[in-house]
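Residue numbers are given in my numbering: position 444 of the first sequence equals residue 444, and the series is strictly consecutive. Beta carbons are placed, not taken as given, at the ideal position from N, Cα and C, and that holds for glycine. All remarks here apply to the structure that follows.
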Amino acid sequence: MTMRLYNTLTKSIENFSPIAPDGTVTFYSCGPTVYDDAHIGNFRSFLNADILRRALELHGFRVKHVMNITDVGHMTEDDAADGGGEDKMAVAGRRIAEAKKSGKLPAGAEIDPADPYAIASFYADRFLEDARYLGLQVAIEERTHPELMPRPTRCVPQMIALVEQLIERGHAYVAKDGVVYFSVESFSAYGRLSGNTLDKLREGEGGRISAEHQAVKRHPADFMLWKPDPTHLMRWPSPWGEGYPGWHLECSAMARMLLGDEIDLHSGGEDNIFPHHECEVAQSCCASGRPAFARMWFHTRHLQVEGEKMSKSKGNFFTARDLFAKGVTPAALRLELVRTHYRTNSNFTLQGLRDCQRMIDRWSSARTSLAARSAGTGAGPFQRALIEFKEALADDLNVARAIAALNTAITEDAAGDPVAELAALDAMNSVLGVFERNEALQSAAADDLASKVEALLERRRAARAAKDWAESDRVRDELTALGVRIKDGPQGTTWERAV
RNA sequence: GGCCGCGUACCCAAGUGGCCUAAGGGAACGGAUUGCAAAUCCGUGAUUCGUGGGUUCAAAUCCCACCGCGGCCUCCA
């Protein structure tokens, strides 16, 4: 079955086939910046890349997936485009220093707010932790293959080499202010990915560039490759003076270093299309002399929350950890973030999270009864569903249709060879990745709640044994007030935190 | 100003020219079950696809206009 995917570069759905004759897929994903915890919008993009990778594996490809962790301190302000503004790492440092003062620093965070490397590694570790809970395969592999999640601060020599090559080939120049810029006019395909061709770009429309820097450039759209700056928090020696690399440069250098000059797939959020990915294409193609860098570009649209743009000021801003702390299972969050087609805006809701939890619980109990079944031969509902499931994923990663196929199998009567049926269900889960992470995370607060709940449940058991229904109901109300939902079953009472 | 995407039931969401009097999930409602609930199981839901035109034998699907929402135009998933 051929995988078909939408390619931002050609604005059309194309058949996917890897460059390598052995079928190994090279896949680069733009990962997080680590000045702060990743939010659920970030994770929608990362998890969609993960679903793509797992879907390719289900279709028999071997995938070499690389995702960077950007740990260089880039700039915050409007004129950041040209290296001004404030270093984000410095902002993060201040935030940590303030948290330290007010005693709000997360447990175990003994970090020096003045050390940008310590800040970056603090947030990188937290990212990896969240990502592994959510089943981001590349983060799981990173434990044994750290090179799959490269850090720009460790790849500066490769970036310098790339800049040197671009200068040599006439695609970059050192301006009067000493900054190395990429010359967009030297690359005729500039603008092909985003549609922002040079004649259509309106200088300064985004309101983020300064006249002072524009003056020294050959073309207003020229972008920075290396900025000499002896005062920057993180800086490295280079032929152009001590300074730091441009933001687009990192991905080009690391993709080349780990995957080669031409790769099969490249993913990111929709906001990466311009300028980040456009600039990557320019750098990579001009450095390699090849017409293409990534064959296919995969972009995930943004996530909204309860119908609105997610923002801290609206109070609808969530990180993965925020939700885990509320008792949300990683499985439910994962499913909620990937169930909507990656090319439409998704609407994250708490109700949606509950819907997902219910679906996962139904699938889990279907798996339990399937595992207990012994009789039957031939194809049953799950084996049939797997065919539709794979077809749906091959159709530009139609996860919603794939989920519907699984749901249909759940409601059909059990039939078929139980071993093959179980294998089919597990194959579907190899993409959805929910069974192995369907438990709320442990924490001191959760343990405390658990002991309280157990004590109340014991009291309720005693009351029910004595047929003291008033007392039993009173205890149940108390449990509800604690945010706990109980389930009475033949095996006794179980409970979970209501989300 | 330019480029790009979206608008389907109370909510989430698939479907992009005939198999659509529109998949799947949730909520709600009815039934089974329960001390009563919750959970679970069974059943019920749009003659209609933002609005108005048009093309076609045939439109949620194509075209035009309008309304609404979102992304980018050098921080951003």
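Classified as buried, Ile263 has 16 or more neighbouring CB atoms from the shown chains inside 10 Å of its CB. Exclusion of the five residues before and after Arg290 leaves Asp261 and Glu262 as the residues of its chain whose Cβ lies within less than 7 Å of its Cβ. Rounded to the nearest whole angstrom, the C-alpha separation of Arg151 and Cys30 is 12 Å.
Between Arg334 and Arg461, the gap from beta carbon to beta carbon reaches 8 Å or more. Met3 and Thr300 have their C-alpha atoms spaced approximately 17 Å apart. Inter-segment contact for the region 244–254 and the region 213–225 is present: three or more beta-carbon pairs are separated by less than 8 Å. Here Thr408 has Ala385 as same chain residues with Cβ atoms under 7 Å from its own Cβ, once five neighbours each way along the sequence are excluded. Sequence-distant Cβ neighbours of Asp36 in its own chain, meaning closer than 7 Å and more than five residues away, are Ala92 and Tyr123.
By the neighbour-count criterion, in which 16 or more other beta carbons inside 10 Å mark a residue as buried, Ile19 falls on the exposed side.
Note on geometry: alpha-carbon atoms of Leu457 and Met254 lie some 55 Å from one another. Each residue's CA atom was taken as its position, placing Ala38 and Ala320 some 7 Å apart.
With the rule of 3 Cβ pairs closer than 8 Å, the region 55–73 counts as touching the region 230–238. Beta-bridge pairing by DSSP links Glu496 to Arg485. The residue among Leu406, Ala331 and Trp469 with its C-alpha nearest the C-alpha of Tyr133 is Ala331.
The C-beta distance from His277 to Gly268 rounds to 6 Å, short enough to meet the 8 Å contact threshold. CA-to-CA, the gap between Trp240 and Thr344 works out to about 43 Å. Rounded to the nearest whole angstrom, the C-alpha separation of Ala325 and Arg497 is 11 Å. Runs of the alpha helix (DSSP H) spanning 4 or more residues and lying entirely within the region 451–479 do not occur at all.
Here Ser188 is exposed. Its C-beta has fewer than 16 other C-beta atoms within 10 Å. Boundaries of the beta strand (DSSP E) around Pro245: Gly243 to Pro245. Ala427 is positioned such that its CB atom lies no closer than 8 Å to that of Gly376. Measuring C-alpha to C-alpha distances from Lys390 to each of Asp355, Leu432 and Cys356 identifies Leu432 as the nearest.
For Val180, no alpha helix (DSSP H) run applies; the uninterrupted beta strand (DSSP E) run containing it begins and ends at Val180 to Phe182, by DSSP. Spanning the alpha carbons of Asp355 and Asp413 requires a straight line of approximately 23 Å.
Per DSSP, the beta-bridge partners of Leu5 are Glu14. Residue burial annotation: Asp87 is buried, with at least 16 other C-beta atoms found within 10 angstroms of its C-beta.
Under DSSP, Leu303 forms a beta bridge with Ser346. Under the DSSP assignment, Val174 falls in the beta strand (DSSP E) whose first and last residues are Ala172 to Val174.
In this model, Thr480 and Ser311 are separated by some 31 Å (Cα to Cα). Here Asn398 is buried, its C-beta having at least 16 other C-beta atoms within 10 Å.
A Cβ-Cβ distance of about 6 Å is found for the pair Ile119 and Met89, placing them in contact under the 8 Å criterion. If you compare the alpha carbons of Leu425, Glu168, Cys285 and Val34 with that of Ala379, the shortest gap goes to Leu425. Around the CB of Glu336, 16 or more other CB atoms lie within 10 Å, so the residue is classed as buried.
In this structure, Gln304 lies away from Asn272, with their beta-carbon atoms at least 8 Å apart. Exclusion of the five residues before and after Gln283 leaves Ser252 as the residues of its chain whose Cβ lies within less than 6 Å of its Cβ. In its chain, beyond the 5 residues on either side, Tyr28, Ala294 and Trp297 have a beta carbon closer than 6 Å to the beta carbon of His266.
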